[in-house]
Each structure stands twice: as structure tokens, then as C-alpha cells.
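Undergrad: Would you mind keeping the following structure in view while I ask a few things?
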Amino acid sequence: MIEFMLSDTAAYMQGSIIYVDGGTDAQLRPDAF
Numbered sequence: 008m009i010e011f012m013l014s015d016t017a018a019y020m021q022g023s024i025i026y027v028d029g030g031t032d033a034q035l036r037p038d039a040f
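Terminal number for the sequence shown in the working numbering: 40, no gaps in between.
Okay, structure coming up:
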């Protein structure tokens, strides 16, 4: 993830919250937005 965030590919990713927890957040978070 760090390598991606430092690359030019991630130039437009601003203000995003990216969880690096092995999918735990996706499992526990409800489906409702």
C-alpha cells in the first residue's frame, strides 16, 4: 500500500480513508451507506 500511495498512479487519491486491516473493517461495517 505504501508503494502504491507513493507512486504517480495514486496522484488523484486525495481525502480518502484507506483501511489496511486485512478486511476486518469490511466485515464489521454494515452494508448501509
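Glycine included, C-beta positions come from ideal geometry on N, C-alpha and C. Treat the numbers as computed from the prediction; the structure is a model and nothing was measured.
Using the Cα positions of Tyr19 and Phe11, report the straight-line distance between them to the nearest angstrom.
TA: Residue numbering aside, residue 19 sits at position 12 when the sequence shown is read from its first letter. Residue numbering aside, residue 11 sits at position 4 when the sequence shown is read from its first letter. Near 12 Å, if we compare the C-alpha coordinates of Phe11 and Tyr19.
Undergrad: If you follow the alpha helix (DSSP H) that Gln34 is part of, which residue opens it and which one closes it?
TA: For the purposes of this step, residue 34 is identified with residue 27 of the sequence shown, where counting begins at 1. Run containing Gln34: Thr31 to Leu35, per the alpha helix (DSSP H) assignment.
Undergrad: Can you grab the Cα-Cα spacing for the pair Gly29 / Met8, in whole Å?
TA: Here residue 29 refers to the residue found at position 22 when the sequence shown is read from its first residue. Here residue 8 refers to the residue found at position 1 when the sequence shown is read from its first residue. Taking the straight line joining both Cα atoms gives about 12 Å.
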